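In our numbering, the protein residues as written are 1 to 1201.
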């Protein structure tokens, strides 16, 4: 802080200047910062006082009369009582406090002497402040006077009044009319209590006679109820010479008012009170009262009570004043009373005098203005003394204003203005201080302010001085003040910057200056990046019991890394995260997770990102979905013999609209405790008329259904038992069956127990022939079946079944039609003919059996056939019988699955519900030739260097006359290349072996065989084999074989050629010319010998624990067998009994260990492995093992030595 005067003086000047500039404080309070530097005198100010009325309730122990004040020097206190000086310190019975004007009156039973009006005066050498008047009121205990009341005699039909005259006491007063037994006197249009507590009777009736009319007056503030002595009323009956009926009649008369009296009255009340006007009339018949406001409508707030006799306008306003009229009328006339209502007002400030701090030599204006009705009396005091008793030369009174001209320090004083009328008074103390002080800046030096870019910031500079200081702000040691539309200096010295920019960062100086001196402070402003929420939580609907997750991600100025907070609020209340095992709220990386969501978790969740300078928020609504709550308040109404109405209040649907209500019932007779569904009601209904059965003791409950599921059921209703009644329905699902030719079985679903409607249930079974006119035959049964005997076979009947109980018959039953028992059909189909469609399918036709021969419902036709023999041989052998059933009425059918080139026999028959009819005459037919089945055996028996021997068995079913075989073969290797397909047409059907010659040595071939008839060739079987390097005498029938079914090889013109063409065979083999040269044979022998040595070494190494891996080469050309497995034409002919197809994973080793190579020669170690001279294996291997070994041997043979 920089100053040109002493620090203490500057502080005093600064603060006073601020207040002097405004002239608006209610009291001059020197800040503690100022008092810490300079001791400034202050006028006294009343800080606390008792309310305007202190009531000495008898149950209170003491009664403080409060008066507290402050000032410098400390004020002294004095009191007046009823305008006379009163010193509490002179009365030892009063409790006093030091440095306080408060005294306490003890409740010692003698309080009346302290009753009066008190006023407190707080004074120091500068002036005096006074309190408002305080009335200390000692209430007396209200009592009714002791009196003897004579009975009130009144003639029947005449009006009368029972007066209460309650004692005076502290309001509010409450009056009750009761009997000695504390029973309220019934009030109605004839009998009512007035505002004054009297009980009015518009006309007396005989029942009004009683001796215990008691008026009770209650004073709740003093907790007192007093009772008036009981009053007696005797109602006399009129004596007359007329008939008793006429004598007892009350004479009619026109109305007259019991209260108020006269035709007009005037009512005055204070604004804010309740206006109450009453008119109580007598007459017979009892008059009705109407209310009118003359020239206006009744106030909107107006209401009628006490059967229309009392008009109340709460909290009356000036616009409610005026003239009101009440009119009491009956058939004979009317009575009218006019009310003039005047609304007055207690004093109310228009301009309350204000404390002021002014500089020496200025003109001071003190204004006091108030309103009220009737007009107010305004009085002025200075330091508690009437203004006229303390004259001053420079003081003038101009209407409602006091003017101090050229004020001096000695003019400092407390001025009191008091405004009063008969409804109250107002008192205001105004502290007027006259002094000069240099500026004192109360804000700390060197304050740091942080602002958010784009937002506003306020930098403070509190100043106390007199006269007011001029305050300017400058920046970065510049002498020029900051200016522009974004900068504003407030009256209290604060600098506000709107829409702060990054360039606003820097040091600012506040300079306060008045006639007495100057003072300055500096402050630093830092502009920060704004806080924002980049990922806001989203509204969610979550099922109860699941986990909800609300995400929130915020960005903020990195300088606040240690001060940044990310909080969560629910419904504006911060969530407490205690991370205990029972806590359900967890926050991780800003995301709020709520475990096991319940209904109380529903609400608005707000993510709050907070730094020391700004806050960003984002909210989301979490709605908890659940099944509906159970409905409640189930009520049964409209009870009828066959129905009842059920109403309920739906339970909370938990944010998922109720789609339906399910009404269930439980009955106590047959299945007590078992609830069954009765009715489904749309979710927008809350009632239903439920149809019931008779003689059932019902109980109902309701449950709601929404998209989440079905809620819990309501509490059961009370039980409702319906009376017995005749059955509502007859049996259903009547079934008529005939198990025997001359009987008819009738069965039906019996009525449920709850549908019987009463005891004694029976069924009346009625039946008659439909094709004849005859009377109904009737039988009464208790079971739910009946057998009609001695019926003709399969004739139509009409049947009806009616329910009956002790209450009567059910409704008229429906007639159903059925047939009596069936018998076997008596005729077979005629004109059976067979049309051969192909080698395995025939079409059968016949003439339908006449319905008269069916003797029952037509079930359909059956065809039985059997194979007599194969046409390929002459032997006859009956095959198994086959049957096909064709339901319905038809005259032809197709029989598939026949064996070609065979002779068959078939018959046709019809059938009904009883069974089959007789068969037709057998019809024989023959099927034409077809293609043979596949050969069951096809194998390689001998493999040499240039030849392969093949053997096979004929097909088990040639399906015709065998004409020969078609043998195809082609070279294959482990590459994508294959040789051309060679074809051998074997025309002798007796041939079962063949030798293929002039094959390439050490080459792999695949062989295909098909059997043929004149129709065509059958499915293919195949084999694979690899020729040897040298011709041997040892049989190679078990070397390199593979057998599988395969699709037909590529089509090639048939040819009897058995020798392959050298130019087209051996794409990967050794050419024929070289293979016959001696040098080539020697080279191959050396290579074979070397390969044998290597293999022996590997074998020895294997026995020592080593392992030699043979690399596998897969065939890259398409595998003919594997293609065939996907061909719909040939897949059904696969030979599953043959050896595995090429590519099979089967191994000769039975114990291949996990992780070992499938290609290792070690895998063959457990078998009896032998080698030929040329290194070939002797033995039969299947699948890939065979292929891999052959390929490796061949590769070794082709390798130069």
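Beta carbons are placed, not taken as given, at the ideal position from N, Cα and C, and that holds for glycine.
This one's a predicted model, so the numbers in the text were calculated from it and none came from an experiment.
Contact under 8 Å by Cβ, residue 613 with residue 450: yes
Please state whether DSSP places residue 1047 in a helix, a strand or coil. Here the model assigns residue 1047 a pLDDT of 42, short of 50, so the residue's position is not dependable, and the following value carries that caveat. Correct three-state label for residue 1047: coil.
Would you please state the rounded distance, in angstroms, between the beta carbons of residue 912 and residue 822? I believe it to be under 8 Å. 5 Å
From residue 506 to residue 530, what distance separates their C-alpha atoms? 18 Å
Taking only runs of the beta strand (DSSP E) that begin and end inside the segment 99-165, which ones reach a length of at least 3 residues, in chain order? 103-106, 116-124, 127-130, 134-137, 152-155, 160-162
Helix, strand or coil at residue 728 [DSSP, three-state]: coil
Where does residue 573 sit, in a helix, a strand or coil, going by DSSP? strand
Runs of beta strand (DSSP E) lying entirely within the segment 213-295, each at least 3 residues, in chain order: 224-227, 231-236, 253-259, 264-270, 275-278, 280-284, 288-293
Run through the DSSP bridge pairs and tell me what residue 714 is partnered with. None, per the DSSP bridge assignment.
From residue 130 to residue 47, what distance separates their C-alpha atoms? 11 Å
Counterpart residues of residue 882 in DSSP-defined beta bridges: 865
Beta-carbon separation of residue 527 and residue 504 under 8 Å? yes
Pairwise C-alpha distance: residue 388 and residue 394: 14 Å
Using the rule of at least 16 other Cβ atoms within 10 Å of the residue's Cβ for burial, across every protein chain shown, is residue 141 buried or exposed? exposed
Tell me whether residue 691 is buried or exposed, calling it buried when 16 or more other Cβ atoms sit within 10 Å of its Cβ. exposed
Do residue 547 and residue 593 come within 8 Å of each other at the CB atom, strictly closer than that value? yes
If you draw a straight line from the alpha carbon of residue 958 to that of residue 885, how long is it in whole angstroms? 30 Å
Reference residue 741; option with closest CA among 915, 954, 148, 726: 915
DSSP puts residue 343 in a beta bridge; with which residues? 269
Return helix, strand or coil for residue 1178, following the three-state DSSP convention. Unreliable placement is indicated for residue 1178, whose pLDDT of 31 sits below 50; the coordinate value is still reported in the next sentence. In the structure shown, residue 1178 sits in a strand (DSSP, three-state: E or B).
Relative to the alpha-carbon of residue 816, which residue among 737, 320, 605, 715 has its alpha-carbon at the smallest distance? 737
May I have a chain-ordered list of the alpha helix (DSSP H) segments no shorter than 4 residues that lie completely inside the segment 723-773? none
If I measure Cβ to Cβ from residue 814 and keep anything under 7 Å in the same chain, skipping five residues before and after, which residues do I get? 800
Check whether the segment 623-640 and the segment 697-708 are in contact - that is, three or more C-beta pairs closer than 8 Å. yes
Through-space distance from residue 792 to residue 805, alpha-carbon basis: 33 Å
Return the bridge partner residues of residue 704 from the DSSP annotation. 661
Per DSSP, the bridge partner or partners of residue 606: 569, 619
Do the segment 219-230 and the segment 189-200 make contact, defined as three or more Cβ pairs closer than 8 Å? no
Within the continuous beta strand (DSSP E) that includes residue 541, where are the two ends? 540-543
Residue 941 beta carbon less than 8 Å from that of residue 902: no
Can you tell me whether residue 1082 is buried or exposed? The criterion is at least 16 other CB atoms within 10 Å of its CB, across all chains shown. exposed
Could you check the C-alpha separation between residue 1164 and residue 1099 for me, to the nearest Å? Only weak support is given to the placement of residue 1164: the predicted model assigns it a pLDDT of 32, under 50, and the value that follows is read from those uncertain coordinates. For residue 1164 and residue 1099, the distance between alpha carbons rounds to 10 Å.
Inspect the CB distances between the segment 996-1007 and the segment 1023-1030 and report whether three or more fall short of 8 Å. yes
With a threshold of 16 other CB atoms inside 10 Å of the CB of residue 374, please say whether the residue is buried or exposed. exposed
Does the segment 177-189 come into contact with the segment 209-223, if we say contact requires no fewer than three beta-carbon pairs (one atom in each stretch) closer than 8 Å? yes
Sufficient close CB pairs (3 or more, under 8 Å) joining the segment 311-320 to the segment 268-277: yes
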